[in-house]
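Have a look at the structure below before the remarks.
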Ligand SMILES: [Zn+2]
Ligand SMILES: [Zn+2]
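In this note's numbering, the protein residues as written are 879 to 1249.
The structure is reproduced here in structure tokens:
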């Protein structure tokens, strides 16, 4: 079969909209018709060459929900017609981390930038017959994709698929960073630096945890307004030392219990670190290009202030556990999904969607496919 896809061919070049060949699923795989896919910044880092991938051409897109159309002979617990969310780290089920339920740490995780399927082969080819990779073993900027069952979580059919797509990446990444990594407690104070897709969900997560002060920091004024809607108590439009100073002013000179670095860590980490109270947590949820090899924290300052600097991918919890739980919170009105979607696009408008992301015009842009 064939499928329309947005293909990454060259760095700093618009994605190319092409009709490419797609093979049927192998025994452990499923064919999924994509219903919605979010325009996450990670794909944009790849397009800019800041997150290097092992091959081109490659179909990007990793924040997706859709409907299963066909299943391989060895697939268990997934059937045609099922609504699914695709996870950007597979759960192989057999590595030491998967056996402990820590799928966000799966041993197969480092392979998600390589291009092939979980089994090492390809399901996609372009018009010249060249294999086309799938980013995160998903490649969801396409009408259809074939993924291993290790990347699939079945969800209830009452959840709108456009809302569900966000629970594939940005929502668990942000909400989980607050709940599972920093373990924000009732009454704690929180700083969120960078209120895009991840950051806004850290705000939601901190609110769910009962944080009493949630300080949003961004240099785009509209994002501070959105952050207040999502539960932020204060907004700061500052960077560097100005950011640290403003946070200390809002916290009686003490600093916040938890700071979340959700954008550009090389530039924001030190100011967030210094805005954190002694023995507080600094959580990094954002990508840094692999060409940056150092972070700027004075070791003596780290030692005497006894702060913890930590990373969080996928909200530091298994997507298989988080996704059903987050959808339950959504159903109860405790988690906002619809409000995260600020603009929708057709697949052939995807480059405009990323221009809007770059310009700070979106909380989350989502590509919607006609059923
Ligand atoms: Zn993402
Ligand atoms: Zn595993």
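In this text, a Cβ means the ideal position worked out from N, Cα and C, and glycines have one as well.
heavy atom of ligand 1 below 6 Å from residue i C-beta
i: residue 1236; result: no
i: residue 1129; result: no
i: residue 1047; result: yes
i: residue 1014; result: no
i: residue 920; result: yes
i: residue 1119; result: no
i: residue 1179; result: no
i: residue 941; result: yes
Opening and closing residue of the beta strand (DSSP E) in which residue i lies
i: residue 1159; result: 1154 to 1162
i: residue 1011; result: 1009 to 1012
i: residue 1181; result: From DSSP, residue 1181 is part of no beta strand (DSSP E) but of the alpha helix (DSSP H) over 1177 to 1183.
i: residue 947; result: 942 to 949
i: residue 982; result: No beta strand (DSSP E) contains residue 982, which DSSP labels as neither H nor E.
i: residue 1186; result: 1186 to 1189
i: residue 1098; result: It is not in any beta strand (DSSP E) - residue 1098 carries neither H nor E in the DSSP assignment.
i: residue 1113; result: 1112 to 1114
i: residue 1244; result: 1242 to 1246
Nearest-angstrom beta carbon gap, residue j and residue i [assumed within contact, 8 Å]
i: residue 968; j: residue 1028; result: 4 Å
i: residue 1095; j: residue 1070; result: 7 Å
i: residue 1204; j: residue 945; result: At roughly 20 Å, the Cβ-Cβ gap does not stay under 8 Å, so residue 1204 and residue 945 are not in contact.
i: residue 1055; j: residue 1080; result: 6 Å
i: residue 1193; j: residue 1058; result: 6 Å
i: residue 912; j: residue 942; result: 5 Å
i: residue 884; j: residue 937; result: 7 Å
i: residue 886; j: residue 935; result: 6 Å
i: residue 915; j: residue 1245; result: 5 Å
For residue i, the residue or residues it bridges with in DSSP
i: residue 1023; result: 910
i: residue 1091; result: 1067
i: residue 889; result: For residue 889, which the question treats as bridged, DSSP gives no partner whatsoever.
i: residue 894; result: 885
i: residue 1148; result: Note: residue 1148 sits in no beta bridge, so no partner.
i: residue 964; result: 1030
i: residue 900; result: 1002
i: residue 880; result: 899
Endpoints, the alpha helix (DSSP H) within which residue i is located
i: residue 1221; result: Careful: residue 1221 lies outside any alpha helix (DSSP H), inside the beta strand (DSSP E) at 1219 to 1223.
i: residue 1212; result: Taken as a continuous stretch (DSSP letters only), residue 1212 belongs to no alpha helix (DSSP H), as it is neither H nor E.
i: residue 1137; result: Premise fails: residue 1137 lies in the beta strand (DSSP E), 1134 to 1139, not in any alpha helix (DSSP H).
i: residue 1054; result: 1048 to 1054
i: residue 934; result: First-last for residue 934: undefined, no H or E at that position.
i: residue 1230; result: 1228 to 1236
Neighbour flag for residue i against chain E, beta carbons, 7 Å
i: residue 927; result: Although the question refers to chain E, the structure presented lacks it and comprises just one protein chain.
Quiz: which residues have CB nearer than 7 Å to ligand 2 non-hydrogen atoms | That query returns the following residues: 969, 970, 971, 972, 973, 975, 976, 981, 984, 985 and 986.
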